[in-house]
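Letter by letter, the sequence shown follows residues 5 to 594 of our numbering. The C-beta atom is built at its ideal place from N, Cα and C for all residues, glycine as well. Here's the structure, in structure tokens; my notes come after.
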Amino acid sequence: MGRKFLIFVFSFILTSNLFSGVPVFPLKDVKSGLIGKGKTVFQGRKVEEFDVEVLGILKNPIPGKNLIIARLKGDTIQKTNVIQGMSGSPVYVEGKFLGTISYAFPWSTEPIAGITPAEDIFSIPKTTSPPSSTYSFIPFKKTLTLSEIEKIASFLNVSSSLKDIFHGTPVLTNFLNSSSLIKSVFSWMGLSSFAFLPVEQGEKPGGRFMEGDPIAVQLIKGDWDLSAVGTVSYVDGDSFYAFGHPLFNLGPVDFPVAKAEIITVVPNQEASFKIATIGESVGRLIQDRFSGIYGKIGESPNLIPLKIEIDKGKSGKRELKFEIVNQRFLSPILILLSIYNSLLSEFLGNELEEPNFHGDITISLEGEVSISGGRNVKIEDYFSGESALLDTSILPTAVVYYLLNNEFERVKVQDIKLKISLLENFDSVSIERIWVDRNEVEPDKNVNMKVFLKTWRGKERVEEVSIPIPKLRKGEEIEVIIADAESMYNIEVKAYRGGVMPGSMEQLIRALNNLRKNNRIYFKIRVPNEASFLKGEELSSVPLFFKSVIGSSRVSSSPIPVTSSTLKEYQYPIDKVVKGFKVVKLKIKE
């Protein structure tokens with residue numbers, strides 16, 4: 005039995021073929037009535053010709069860009085209209101390279117296509133300079149919200165600027181894309197998925213690219229696969245051009261590419277599309293530009309290995325392995341999809357529907373993200389309830405996002421390993437009340453507390469904790485905040501006017517390694533002293549002279565004044581997800 009592959013085909017209408025050494029037909033000589041030939045693959049690996057009639061030039065549909073408009077003719081095209089998967093198919097007039105089929109008009113009743121001129125295709129840079137050093141537009145915190153994930157994914161969406169000539173990127177993949185989350189993420193990225201279509205892969209297409217060959221850009225490889233499929237436009241030695249439009253318009257990239265074989269063309273009223281099987285990687289993509297993609301045959305990209313071990317207790321364990329492209333916006337989204345899809349598959353079995361857990365699920369997550377410089381970020385947390393699958397998937401996504409989009413240095417993610425344990429029950433408690441053995445406490449001594457918790461079924465549970473009290477002056481008042489991870493974060497956001505913002509790479513790694521966990525009761529001891537918050541650190545008991553220095557207008561980062569100073573913080577682990585918070589007022593004994 006061959007491997008199951010589903011692929012993801014661009015509604016840009018993906019690439020085709022061109023012969024080395026063919027002269028370019030200049031745009032200035034293009035006029036209505038020119039007749040040419042196009043090349044693409046409709047089935048298998050055989051390159052076939054179709055007729056092209058030039059209708060004219062559409063000037064500046066995008067500022068500074070022109071499109072050649074043409075009517076396509078041929079037996080297959082008359083049945084299917086312009087096909088998603090044709091993008092990059094080369095067109096020749098008078099034996100000269102005119103350009104590539106790259107765009108279609110949504111819901112057109114005739115096969116009218118947009119052709120990217122050859123001059124634009126050859127203007128794609130061939131250098132591999134690193135991407136610009138910009139950094140995160142999302143403030144640092146423990147995790148990401150769905151709206152923030154949408155913001156990241158939408159950055160990859162090029163279809164919004166091409167809405168009149170491009171109707172999104174349809175996706176065929178072996179992801180469980182009946183999931184509403186996966187459908188939403190594809191939509192945010194400008195992709196539109198068709199129904200789940202398993203394709204049995206037979207012999208894998210291999211060898212070097214030729215003009216007209218189907219080409220796949222592999223975004224995820226492994227137990228789940230996600231590939232953008234089009235056609236090779238031009239081959240020049242070890243170099244190739246394809247698509248005639250952007251993939252995500254990311255500029256310099258480092259993605260694997262493979263040969264593909266077309267299974268069939270599926271006619272569709274909105275947009276017909278190609279189904280293909282994916283071969284082994286044969287090169288890498290190094291440029292993703294508005295006028296197309298450019299890459300090198302025989303080179304290998306640097307990918308992120310992702311290993312997920314899922315433990316279902318008595319039901320056994322399962323290990324999944326992936327390789328994911330390394331790009332600061334795309335990688336976090338692909339990691340989210342890989343984890344969520346892996347978890348979803350454990351609960352769905354053969355039923356391709358969104359599960360309804362009714363909250364009866366708890367997930368334990370442990371893992372590690374290794375980055376350049378021999379540094380590591382440990383991941384550990386506990387999730388319960390209806391959002392457990394999503395929350396589990398988002399935490400590693402957030403860690404990778406903040407690492408790849410930090411403002412301090414360019415980081416390479418070298419490896420991700422996750423261990424996920426699934427329990428089909430709901431383990432959550434809420435903090436109901438706090439008992440202390442005395443309200444006046446001695447400095448340098450412990451105060452004994454009882455934390456009364458209530459389970460979701462209403463049963464009471466008591467945790468006895470002994471908290472050390474710092475050495476303070478007699479008569480000084482203190483407060484102890486007893487809270488879950490989220491509540492403690494919200495308290496800090498309010499106190500520090502936006503939360504903790506790391507001021508260096510070392511602070512960022514330390515902050516990620518010390519993210520608060522959901523199965524902890526946190527105890528924060530504060531005193532009503534004036535303090536400052538500067539570059540990710542709270543500065544307590546700062547001398548008056550130093551306060552005047554850091555508060556000077558000559559200092560680039562201004563401190564944030566806070567009305568209370570944190571002296572100590574402790575955590576108490578339990579085997580449940582904790583919710584709620586309480587505050588206890590204490591006084592140092594006279």
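- Rounded to the nearest whole angstrom, the C-alpha separation of residue 332 and residue 405 is 7 Å.
- Taken through DSSP and simplified to helix, strand or coil, residue 480 comes out as coil.
- Here the segment 295-305 does not lie against the segment 73-82, with fewer than 3 beta-carbon pairs under 8 Å apart.
- Residue pairing by DSSP places residue 55 opposite 41, 77 in a beta bridge.
- Distance check between residue 291 and each of 268, 253, 522, 594 places 253 closest, using alpha-carbon atoms only.
- Sequence-distant Cβ neighbours of residue 479 in its own chain, meaning closer than 8 Å and more than five residues away, are 591, 592, 594.
- The distance from the Cβ of residue 433 to that of residue 465 is about 6 Å, consistent with a contact at the 8 Å cut-off.
- Measuring C-alpha to C-alpha distances from residue 575 to each of 505, 531, 484 identifies 484 as the nearest.
- Residue pairing of residue 526 in beta bridges, as defined by DSSP: 487, 575.
- Separation of the CB atoms of residue 233 and residue 275 is rounded to 14 Å, and the pair is thereby denied contact status at 8 Å.
- Inclusion of residue 47 and residue 266 in the CB contact set at 8 Å is warranted, their separation being smaller than that value.
- Between residue 324 and residue 397 a beta carbon distance of about 13 Å is seen, past the 8 Å cut, so the two are scored as non-contacting.
- Assignment of residue 372 by DSSP, reduced to helix, strand and coil, places it in the strand class.
- Sixteen is the threshold: when 16 or more other Cβ atoms of the shown chains lie within 10 Å of the Cβ of residue 190, as they do, the residue is buried.
- Under DSSP, residue 268 shares a beta bridge with 279.
- The distance from the Cβ of residue 311 to that of residue 260 is about 18 Å, inconsistent with a contact at the 8 Å cut-off.
- For the pair residue 390 and residue 488, the Cα-to-Cα distance works out to about 19 Å.
- Shown here, residue 439 sits in a strand according to DSSP, grouped into three states.
- Annotation for residue 31: no beta strand (DSSP E) segment contains it, and DSSP assigns it neither H nor E.
- Remark: fewer than three beta-carbon pairs, one from each stretch, lie closer than 8 Å, so the segment 373-391 and the segment 312-320 are not flagged as touching.
- In this structure, 121 is the residue among 368, 121, 49, 437 with its C-alpha nearest to the C-alpha of residue 68.
- Residue 388 is bridged by DSSP to 366.
- In summary, residue 580 is buried, with 16 or more beta-carbon neighbours lying within 10 Å of its beta-carbon over all protein chains present.
- Annotation for residue 26: no alpha helix (DSSP H) segment contains it, and DSSP assigns it neither H nor E.
- DSSP places residue 514 inside the alpha helix (DSSP H), whose first and last residues are 509-517.
- The alpha-carbon of residue 44 is positioned some 40 Å away from that of residue 350.
- In the DSSP assignment, residue 124 falls within the alpha helix (DSSP H) that extends over 122-125.
- Taking C-beta separations shorter than 7 Å and ignoring five residues to either side along the sequence, the partners of residue 227 in its chain run 324, 325, 326, following chain order.
- A contact is defined here as three or more CB-CB pairs under 8 Å, and the segment 410-429 fails this definition with respect to the segment 445-464.
- Under the three-state reduction of DSSP output, residue 475 falls in the coil class, being neither helix nor strand.
- Put simply, the backbone Cα of residue 91 is about 11 Å away from that of residue 297.
- Counting along the chain, residue 159 sits inside the alpha helix (DSSP H) bounded by residues 150-159.
- Ranking 81, 118, 52, 94 by CA distance to the CA of residue 66 puts 118 first.
- Judged by their CB atoms, residue 72 and residue 293 are not nearer to each other than the 8 Å cut-off.
- Non-local beta-carbon contacts of residue 30 in its own chain, meaning distances under 8 Å to residues more than five positions away in sequence, involve 123 in chain order.
- In this structure, the straight-line span from the alpha carbon of residue 421 to that of residue 508 is close to 25 Å.
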